[in-house]
Amino acid sequence: MTITRRDFLKIAAATGGVAVAGTSVVTSVLGLGKKPVSLPQYVPTTCEMCFWRCGVIAKVVDGKVVKLDGNPLHPNSRGKLCARGHGGIGLLYDPDRLKTPLINTGKRGEAKFKKVSWDEALGFVADKMQKIKEQYGAESIALLTHGTVSTYFMHLLQAFGSPNFAMPSFALCRGARGVAFEVTFGEDVGNPERLDLKNSKVVVLIGSHLGENAHNSQCQEFAEAVGRGATVIVVDPRFSTAAGKAKYWLPIKPGTDLALLLSWINLIIQEELYDKEYVAKYTVGFNEVASSVKQYTPEWAEKETEIPTSLIVETARIIGKNKPHVLIHPGRHTAWYSDNVQRQRAVAILTALLGAYGRPGGIYLTPKKKLEPVFLSENNYPEPQKPAINKGNYPFAGEEGVTHEIVRATLTEQPYPIKAWFITGTNIMKAMPDQRQTLQAVQKLDLLVAVDMMPYDGVMLADVVLPECTYLERHDDLFTVKERAFGVSIRQPVIQPMYDTKPGWWIAKELGKKLDLENYFPWNTFEDFLKIKAQAWGIDYSELAKKGYIDFPESAKPYILPGEDFKFKTPSGKIELYSKELKENGFDPVPRYTKHEQPPEGWFRLIYGRAPVHTFSRTTNNPSLWELMEENVAWINAKVAKRLGVKQGDYIVLVNQDGVKSNKVRAKVTERIRPDCIYLVHGFGSTSKLLRKAYLRGADDQQLITRYAIDQISGSVGMRVNFVKITKEV
1 MTITRRDFLK IAAATGGVAV AGTSVVTSVL GLGKKPVSLP QYVPTTCEMC
51 FWRCGVIAKV VDGKVVKLDG NPLHPNSRGK LCARGHGGIG LLYDPDRLKT
101 PLINTGKRGE AKFKKVSWDE ALGFVADKMQ KIKEQYGAES IALLTHGTVS
151 TYFMHLLQAF GSPNFAMPSF ALCRGARGVA FEVTFGEDVG NPERLDLKNS
201 KVVVLIGSHL GENAHNSQCQ EFAEAVGRGA TVIVVDPRFS TAAGKAKYWL
251 PIKPGTDLAL LLSWINLIIQ EELYDKEYVA KYTVGFNEVA SSVKQYTPEW
301 AEKETEIPTS LIVETARIIG KNKPHVLIHP GRHTAWYSDN VQRQRAVAIL
351 TALLGAYGRP GGIYLTPKKK LEPVFLSENN YPEPQKPAIN KGNYPFAGEE
401 GVTHEIVRAT LTEQPYPIKA WFITGTNIMK AMPDQRQTLQ AVQKLDLLVA
451 VDMMPYDGVM LADVVLPECT YLERHDDLFT VKERAFGVSI RQPVIQPMYD
501 TKPGWWIAKE LGKKLDLENY FPWNTFEDFL KIKAQAWGID YSELAKKGYI
551 DFPESAKPYI LPGEDFKFKT PSGKIELYSK ELKENGFDPV PRYTKHEQPP
601 EGWFRLIYGR APVHTFSRTT NNPSLWELME ENVAWINAKV AKRLGVKQGD
651 YIVLVNQDGV KSNKVRAKVT ERIRPDCIYL VHGFGSTSKL LRKAYLRGAD
701 DQQLITRYAI DQISGSVGMR VNFVKITKEV
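Take the sequence shown: its position 574, counted from the start at 1, is 574 in the UniProt record's numbering, and no numbers get skipped.
Encoded structure:
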């Protein structure tokens with residue numbers, strides 16, 4: 001007997017939801033005189049193959065996950081999953097998974113591990129932590145973290161007395177965007193971004209590779225917008241997948257994006273294509289912006305960007321004439337150069353001039369729903385004895401912290417030593433720039449603990465490895481979803497944890513016990529905590545467990561109503577085109593163009609991006625996804641390749657300005673990239689021998705990023721400042 005998708009939905013409707021783990025949707029046995037046939041169970045949960053966290057329905061037969069589908073109730077999936085979402089099964093059954101706690105018996109980095117019990121591993125870690133605290137203070141223990149597991153270890157670290165944690169998601173990804181939109185509108189654009197693509201008449205993508213980053217719901221709406229005839233403008237030195245859907249491809253000279261944006265702003269103001277009523281009612285600082293951008297003419301921008309003046313003018317007019325139904329995509333990975341915040345400020349200002357914030361086709365408003373915070377513990381954290389170092393001296397650094405400040409303090413021991421790192425849910429060797437610097441910092445530590453599911457490059461450096469089970473085997477905290485309406489999503493185990501792996505919450509709780517911090521974990525199981533939280537929020541936990549997602553339709557308020565006296569969360573209550581806040585901190589209140597270094601003759605700017613079938617370096621060993629993309633390739637302009645004698649599929653080596661060489665990588669000879677650039681998909685070239693499929697497959701772009709520029713406003717790290725040359729010496 002089989003149950004189709006249609007059958008499942010009928011059953012779900014009849015039973016008020018889907019089955020949770022350990023229960024059957026239907027109990028029926030074919031009376032054929034044979035072994036009873038086990039019927040599928042359908043268990044809703046939340047994906048963590050990337051940060052989009054789509055709703056998932058897992059099909060389980062005889063305790064084995066055989067299929068994953070998108071939950072049609074969840075707005076991030078809408079019944080569909082990307083390749084990575086389907087690849088969750090590959091992660092679950094990857095034979096290279098970490099299976100038991102490990103302690104390194106050799107020198108740091110040698111990865112000479114012995115298998116140990118959880119009691120021995122946690123006891124070892126707790127003993128080291130106490131000794132470091134006695135000698136240096138609790139603040140000398142830092143956390144580099146990403147993903148859901150961050151919640152538990154940030155809680156543990158703060159209970160222990162350290163405020164020093166940082167996430168790559170801020171300084172190395174979307175931090176500059178968040179700061180830019182917060183000082184302009186009073187809040188960021190959300191995660192996922194609140195983009196009203198389905199109502200956009202014009203979509204502008206500036207280095208945003210929709211279709212390659214595979215942000216599920218966003219890609220679905222982008223496809224719908226294209227199908228309706230929306231005009232797509234792509235600004236990118238590479239002819240991306242999205243550029244193939246565009247009416248206009250602007251192959252911009254890298255490092256000059258701000259010049260294009262300022263010229264667009266200037267022209268839209270000069271030709272009065274901005275939304276006059278919106279600007280007058282909701283913004284401050286228009287005159288200052290108009291005065292500041294006068295110098296940035298399309299003719300001037302052509303010299304900087306190498307985009308023809310006529311094309312700059314034509315695209316600006318299309319943008320202006322279709323206001324407010326215009327989406328200037330705010331991007332996500334915005335860590336490019338030293339002026340990341342000001343570049344994103346220009347995006348925010350242009351959005352405001354078009355009246356596209358809080359309007360159909362632009363960026364919609366945050367849904368209105370008030371939930372009281374429910375903490376893991378009611379106990380107050382001890383007051384740190386030393387100031388936090390995780391934000392450095394960057395006045396607008398976010399709460400997620402700045403990763404390179406942890407590295408810097410570890411290397412310099414200023415303002416005080418950092419002697420231990422926890423790394424949870426992030427591959428530090430593939431996330432952070434200048435791997436040489438990271439390795440030097442690691443060697444200065446007294447303790448390095450890794451909590452992860454796979455033996456990634458960074459995990460191989462650890463003294464102690466604590467294997468976390470996958471998202472399909474555990475509960476995690478409830479997720480609040482802020483799309484057009486507010487909603488709550490659950491993650492719950494589809495099957496029981498395999499091998500000797502444990503959920504992140506369990507690892508943190510048990511380590512807390514070893515550290516005499518048990519009172520900070522006052523619940524027996526995490527599901528107990530989730531039920532308390534659901535009750536506090538007025539949510540029926542059993543209904544949430546059956547459906548996987550519950551929304552609050554009354555919370556939807558996507559647009560500013562006509563004539564509404566809307567207040568923004570800025571000091572003035574209005575959109576701040578001219579930022580007094582930046583001015584008071586010594587920065588330009590209106591973005592000003594700055595030049596960036598260009599590659600010398602014979603060298604190429606290294607640019608990088610994503611693949612729709614991989615999430616950074618975290619899926620390159622996944623058996624399901626590896627079959628779709630085993631390694632990356634180096635995009636080389638066809639004329640350049642001909643001049644250098646490089647043919648399609650040839651193995652080449654890239655050498656950067658500091659003499660660092662890449663692993664061999666195949667050449668992709670194409671006219672779809674500017675002659676002054678080389679492009680790699682990020683995350684390949686693993687050096688972990690325990691990742692048997694990913695080991696030394698392709699080139700590691702992060703290895704070649706030995707230089708970086710710091711945005712002084714936010715601490716955001718600019719990583720597109722490295723140059724490479726090509727050699728055929730393999």
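We put the beta carbon where it would ideally sit given N, CA and C, even for glycine.
On a predicted model such as this, the values are computed, not experimentally measured, just so you know.
- Contact check for Lys642 against Val653 fails: the beta carbons are separated by 8 Å or more.
- By the neighbour-count criterion, in which 16 or more other beta carbons inside 10 Å mark a residue as buried, Gly229 falls on the exposed side.
- From the listed residues Gln443, Thr480, Gln440, Gly425, the smallest Cα separation to Glu468 is found for Gly425.
- Its Cα nearest to that of Pro493, the residue Thr45 stands out among Tyr416, Gly718, Gln41, Thr45.
- Judged by beta-carbon spacing, Leu267 lies within the 8 Å limit of Ala316, meaning their Cβ atoms are closer than that value.
- Counting the other Cβ atoms within 10 Å of the Cβ of Leu561 gives fewer than 16, which makes it exposed.
- Contact between the segment 507-524 and the segment 148-167 is established, with three or more Cβ pairs separated by less than 8 Å.
- In this chain, the beta strand (DSSP E) harbouring Gln41 covers 41-46.
- In the three-state reduction of the DSSP assignment, Arg238 falls in the strand class.
- Distance from the CA atom of Val116 to the CA atom of Lys502, rounded to whole angstroms, is 14 Å.
- Val232 sits away from Pro433, with the two beta carbons spaced by 8 Å or more.
- Annotation: the continuous beta strand (DSSP E) that includes Ser489 extends over 486-489.
- Cβ neighbours of Ala223 within its own chain (closer than 6 Å, five residues either side excluded): none.
- Ile575 sits close to Tyr357, with the two beta carbons spaced by under 8 Å.
- By the neighbour-count criterion, in which 16 or more other beta carbons inside 10 Å mark a residue as buried, Phe286 falls on the buried side.
- The three-state reading of DSSP puts Tyr651 in strand, counting E and B together.
- A straight-line Cα-Cα distance of about 39 Å links Leu680 and Thr570.
- In this structure, the CA atom of Leu582 is about 8 Å from the CA atom of Val183.
- The beta carbon of Leu311 sits closer than 8 Å to the beta carbons of Tyr248, Leu250 from its chain, once the five residues preceding and following it are set aside; these are given in chain order.
- Only residues of its own chain outside the window of five on either side were considered, and among them Glu221, Glu224 have a CB closer than 6 Å to the CB of Lys198, listed in chain order.
- In the DSSP assignment, Arg605 falls within the unbroken beta strand (DSSP E) covering 604-609.
- When rounded, the separation of the alpha-carbon atoms in Thr412 and Trp421 is 15 Å.
- Taking the CA atoms as reference points, Ile490 sits about 5 Å from Gly548.
- Per DSSP, the continuous alpha helix (DSSP H) segment holding Leu353 begins and ends at 340-353.
- Among the bridge pairs identified by DSSP, Tyr679 is matched with Ile607, Trp635.
- Around the beta carbon of Tyr337, 16 or more other beta carbons lie within 10 angstroms, which makes this residue buried.
- Between the beta-carbon of Ile713 and that of Phe396 there is about 5 Å, and that keeps the pair under the 8 Å contact cut.
- Residue nearest to Ile550 within the set Phe479, Lys303, His209, Arg436 is Phe479 (criterion: CA-CA distance).
- Counting along the chain, the unbroken alpha helix (DSSP H) around Tyr541 starts and ends at 541-547.
- Residue environment for Val66: exposed (fewer than 16 other C-beta atoms within 10 angstroms of its C-beta).
- Linking Leu102 to Val465 through their CA atoms gives a straight-line distance of about 5 Å.
- Across the structure, Thr470 and Met453 are spaced so that their CA atoms are roughly 7 Å apart.
- In the DSSP assignment, Trp336 falls outside any beta strand (DSSP E), carrying neither H nor E.
- Pairwise C-beta distances place the segment 695-710 in contact with the segment 670-684, as three or more of them are shorter than 8 Å.
- One alpha carbon belongs to Pro360, the other to Asn663, and they sit about 47 Å apart.
- In the DSSP assignment, the residues bridged to Leu143 are Phe165, Phe422.
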